[in-house]
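In the order they appear, the protein sequences are chains A and B.
Okay, so the first sequence: first residue is 1341 according to this note's numbering, each after it adds one.
Okay, so the second sequence: first residue is 512 according to this note's numbering, each after it adds one.
Where a beta carbon is used, it is the ideal one built from N, C-alpha and C, also for glycine.
Comments concern the structure below.
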Amino acid sequence: MMGLQAYLTLAAVVFGIGLFGVATRRNTIGILLGIELMLNAVNINLVAFARYSGSEVGMVFTIFAICITVSEAAMGLAIVILLFRIRRTVMADHLDLLKG
Amino acid sequence: MAETLAFWSLAIVLVGSALAVVLSKNLFHSVLWLALALTGTAGVFLLLEAEFLAAVQLLLYAGGIVTIVVFAIVVTERLIGERISQTSRRITAGAVTSIALVALVVNAIMQQPLATTRPPLTADLTRTLGESVLTRFVLPFELLGVLMLAAMLGAVYFARPED
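Below, the structure is given as C-alpha cells:
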C-alpha cells in the first residue's frame, strides 16, 4: 500500500517541472502549458489528501479547481489570440505593452 | 503489490511526459505530451479510487484543454515549418529554482507523520461526491456556473472577428 507521502512527492515533482516550464519558456502558449501542469499537480494533492483523510470535501474542491482551470485556459488562450492579432507575435520577450 | 507497481509506472509516465512538455522543441509535441501527462493524472485518480474525478479529468482536461490549446497554436503559428519551434531561456536559473522548491517541499513532506493507510470506503464515493456538491457546496457550485459563463463570454469577446 502506497502511503500519502508517495502521492505528495509525485505531485511536488510535477509542480516543480511545471514551474521550470513557466520560468524558461519563451512562447506564451508554452508558459500556459506549464501553468496547466502546476494546477494539475495541485489536484493530485487534493485528491490524495481527501482519500487518506476519508472525507470527500477535497474531491469537491478538485472539481471546482478543474472548472476554474478550464476557465483560465480559455481566457488565457483568448488573450494569446488577441495579442497575436495586435503584435503578430506570441513570444513573451516581445510583449512589453505595459512598459511605459 | 499491484498498487505499488501501478503507482510507479504511472509516476514514470507522469514525470517523463511532464519533462517532455517543458523540454520539447516543438510546441505541438509539447501539447501532445501534456495530453499524456493529464491522462497519467487520471490514472493516479483511479489509483486513489476517485473514478468520477478520473472521468472529469479525461473529459475536461485531456479533451477540452488540449483541443483549445491546439486551436490557439493553429491560429497563431503555422503547424508545419520552423516557426513552431520554441526556445527556452535562463535554463540554469529556472532549473535551480524548481529543484530548490521541490527539495524544500519534499523535505517538509518527509518530516511530517503522514497517513500510510487509507480508511476503507464506506459508501459509493461518486454518490457521496454528488450529494455533497448539491447540498453542502451548492452555493459555490452555482457561483462556479456564473464564473464559467463569464469566462466563456470573455473569451468569445476577446477572440471575436475583427470589424
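Please confirm whether residue i and residue j have their CB atoms less than 8 angstroms apart.
i	j	result
leucine 1422/A	leucine 1435/A	no
serine 528/B	alanine 553/B	no
leucine 1344/A	alanine 522/B	no
alanine 1414/A	threonine 1368/A	no
leucine 1372/A	valine 532/B	no
glycine 1370/A	leucine 525/B	no
leucine 545/B	isoleucine 1357/A	no
So for residue i, helix, strand or coil by DSSP?
i	result
arginine 1365/A	strand
methionine 1431/A	strand
serine 643/B	helix
serine 1411/A	helix
serine 1395/A	coil
Which residue comes first and which comes last in the alpha helix (DSSP H) that contains residue i?
i	result
glutamate 562/B	562–567
leucine 612/B	602–622
leucine 571/B	No alpha helix (DSSP H) holds leucine 571/B; DSSP gives it neither H nor E.
proline 651/B	649–669
threonine 515/B	513–534
serine 541/B	538–558
alanine 634/B	Here alanine 634/B belongs to no alpha helix (DSSP H), and DSSP marks it neither H nor E.
threonine 587/B	577–587
How many angstroms separate the CA atom of residue i from the CA atom of residue j?
i	j	result
valine 616/B	glutamate 673/B	47 angstroms
glycine 605/B	threonine 1364/A	6 angstroms
alanine 1352/A	isoleucine 1419/A	29 angstroms
cysteine 1407/A	leucine 1386/A	14 angstroms
glycine 1416/A	leucine 636/B	33 angstroms
valine 542/B	glycine 1361/A	13 angstroms
valine 577/B	alanine 565/B	16 angstroms
valine 507/B	isoleucine 1375/A	Outside the shown range of chain B, which is 512 to 674, sits residue 507/B, and nothing can be said about it.
isoleucine 1384/A	arginine 1391/A	11 angstroms
Q) For the segment 515–531 of chain B, which residues have a beta carbon sitting closer than 7 angstroms to at least one beta carbon of chain A? A) Thr515, Phe518, Ala522, Leu525, Val526, Ala529, Leu530
Q. Given a limit of 8 angstroms on CB to CB distance, which residues of the segment 1400–1424 of chain A reach chain B?
A. Val1400, Thr1402, Ile1403, Phe1404, Ile1406, Cys1407, Ile1408, Thr1409, Val1410, Ser1411, Glu1412, Ala1413, Ala1414, Met1415, Leu1417, Ala1418, Ile1419, Val1420, Ile1421, Leu1422, Phe1424
Q.
To be precise: take each residue of the segment 1352–1374 of chain A, compare its Cβ to all Cβ atoms of chain B, and keep it if any distance is under 9 angstroms. Which residues remain?
A. Ala1352, Val1353, Val1354, Phe1355, Gly1356, Ile1357, Gly1358, Leu1359, Phe1360, Gly1361, Val1362, Ala1363, Thr1364, Arg1365, Arg1366, Asn1367, Thr1368, Ile1369, Gly1370, Leu1372, Leu1373, Gly1374
**Q.** Within 8 angstroms of chain A by C-beta, residues of the segment 530–551 of chain B in sequence order
**A.** Leu530, Val532, Val533, Leu538, Ser541, Val542, Leu545, Ala548, Leu549
Q. Of the residues that make up the segment 564–576 of chain B, which ones have a beta carbon closer than 8 angstroms to any beta carbon in chain A?
A. Leu564, Val567, Gln568, Leu571, Tyr572, Gly575, Ile576
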